[in-house]
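K.L.:
Encoded as structure tokens, here's the structure I'll be asking about.
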Amino acid sequence: MTRSERASALVKLLPQVYPDAHCELDFKTPLQLLIATILSAQCTDKRVNLVTPALFRRYRSAAAFAAAPPADLEKAIQSTGFFRNKTKSIRAAAGAIEEKHGGKVPKTMDELHALPGVGRKTANVVLGNAFQKNEGVVVDTHVARLSQRLGLTTQKDPEKIENDLMRLIPRNDWTNWSHWLIWHGRRRCFARKPDCHNCELLPLCPSGPKFIGSGLARVSK
Ligand code: SF4
23 MTRSERASAL VKLLPQVYPD AHCELDFKTP LQLLIATILS AQCTDKRVNL
73 VTPALFRRYR SAAAFAAAPP ADLEKAIQST GFFRNKTKSI RAAAGAIEEK
123 HGGKVPKTMD ELHALPGVGR KTANVVLGNA FQKNEGVVVD THVARLSQRL
173 GLTTQKDPEK IENDLMRLIP RNDWTNWSHW LIWHGRRRCF ARKPDCHNCE
223 LLPLCPSGPK FIGSGLARVS K
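In my numbering, the protein residues as written are 23 to 243.
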């Protein structure tokens, strides 16, 4: 099976396995999703979702985030880790949104990527989930690991992985692809002991037999 045949088969199978896959960060507006995505660096979505309801009640606009006293914001997001850097990123991005975009989160990759503290991954999350625009593929730790294990890339750099995936996956499925792989990475294809014995993707996965053969795959009871 070629890479592209495997990618096509996975695009057919994954929505059957995860018909409800979606972004697991809670948000109501593009600004909220941008802030939640910044907070999710080195932190679980669950933890972020515990912090954001009070945060979003307190700060309701880009102007409010930009004007927030750093110590107050740091305290509000402390439990997500790296809170000093995250506070700087949130205030700087919110300030630029207020000054350059009239308080509205921009809808293009170039404009989003130009915001301080906003990388391509964050921009892709916002474009795909707040604006339903498939401009790229979100490559986080799960998408990177699974795309490698599934034999769709040999690259390690996220942008190079993204380029490989954009060639293999139909554009309409770019946002879904990230959701499917993130869900599979959290529920089945764990970093240390993937659950290959019970994996729905095993017939298509070149790594499954290797893990099972080496005894590294988890056996569910
Ligand atoms: S077979 Fe194993 S390595 Fe392949 S996707 Fe499934 S859990 Fe991951």
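The beta-carbon is built from N, C-alpha and C at its ideal position, and this holds for glycine as well. As the structure is a prediction and not an experimental result, all values here were calculated from the model.
Within 10 angstroms of its Cβ, does Thr50 collect 16 or more other Cβ (buried), or is it exposed?
P.N.:
In the sequence as displayed, the identity of residue 50 is Lys instead of Thr. Under this definition Lys50 is an exposed residue.
K.L.:
CB Leu61 to CB Thr109, shorter than 8 angstroms?
P.N.:
For Leu61 and Thr109, no; Cβs fall outside 8 angstroms.
K.L.:
Taking only the alpha-carbon atoms, compute the straight-line gap between Leu224 and His44 and give it to the nearest angstrom.
P.N.:
Whole-angstrom Cα-Cα distance: 23 angstroms.
K.L.:
Quick one: is the Cβ of Cys45 within less than 7 angstroms of any heavy atom of the ligand SF4?
P.N.:
Incorrect: Cys45 has no Cβ contact closer than 7 angstroms to the ligand SF4.
K.L.:
Indicate the three-state DSSP secondary structure (helix, strand or coil) for Arg209 in the structure shown.
P.N.:
In this structure, Arg209 counts as helix in the three-state DSSP scheme.
K.L.:
Please name the residue, chosen from Ala85, Ala88, Trp205, Ala58, that lies closest to Ala76 on a Cα-to-Cα basis.
P.N.:
It is Ala58 whose Cα lies nearest to the Cα of Ala76.
K.L.:
If you measure from each CB to the nearest heavy atom of the ligand SF4 and keep those under 7 angstroms, what residues do you get, in chain order?
P.N.:
That query returns the following residues: Leu168, Arg171, Leu172, His206, Arg210, Cys211, Pro216, Asp217, Cys218, Cys221, Leu223, Leu224, Cys227, Ser229, Gly230, Phe233, Ala239.
K.L.:
Is Cys227 near Arg171, with beta carbons less than 8 angstroms apart?
P.N.:
Result yes, Cβ atoms of Cys227 and Arg171 sit closer than 8 angstroms.
K.L.:
Which of the three DSSP states is assigned to Asn156 in this structure?
P.N.:
DSSP places Asn156 in coil when its eight states are reduced to three.
K.L.:
Thinking Val148 and Ile183 are a contact (beta carbons under 8 angstroms), I'd like their distance in whole angstroms, please.
P.N.:
About 19 angstroms; that fails the 8 angstroms criterion.
K.L.:
For Thr66, does the three-state DSSP call read helix, strand or coil?
P.N.:
Correct three-state label for Thr66: coil.
K.L.:
Could you tell me the distance, in whole angstroms, from the CA atom of Gly230 to the CA atom of Met131?
P.N.:
Straight-line Cα distance between these residues: approximately 36 angstroms.
K.L.:
Have a look at Pro41 and Pro91 and give me their C-alpha separation to the nearest angstrom.
P.N.:
Pro41 and Pro91: Cα-Cα distance of roughly 42 angstroms.
K.L.:
Output yes or no for whether 8 angstroms exceeds the beta carbon distance between His206 and Val241.
P.N.:
No. Outside cutoff.
K.L.:
Do Pro37 and Phe153 count as a contact pair if the criterion is CB distance below 8 angstroms?
P.N.:
Against a cut-off of 8 angstroms, the Cβ pair of Pro37 and Phe153 comes out as no contact.
K.L.:
What's the gap between the Cα of Ser83 and the Cα of Gly235?
P.N.:
Each residue's Cα considered, the two are about 54 angstroms apart.
K.L.:
In whole angstroms, what separates the C-alpha of Arg25 from that of Ile191?
P.N.:
Taking the straight line joining both Cα atoms gives about 10 angstroms.
K.L.:
Within the continuous alpha helix (DSSP H) that includes Phe233, where are the two ends?
P.N.:
Per DSSP, Phe233 belongs to the alpha helix (DSSP H) from 230-236.
K.L.:
Judging by CA-CA distance, which residue of His201, Ile204, Thr163, Cys211 is the nearest neighbour of Gln64?
P.N.:
Cα-wise, what sits closest to Gln64 is Thr163.
K.L.:
Go through its chain and collect everything with a Cβ distance to Ala114's Cβ below 7 angstroms, but skip five positions before and after it.
P.N.:
Contacts found: Pro138, Gly139.
K.L.:
Determine the direct distance from the alpha carbon of Thr144 to that of Glu120, and round the result to whole angstroms.
P.N.:
One C-alpha to the other measures close to 18 angstroms.
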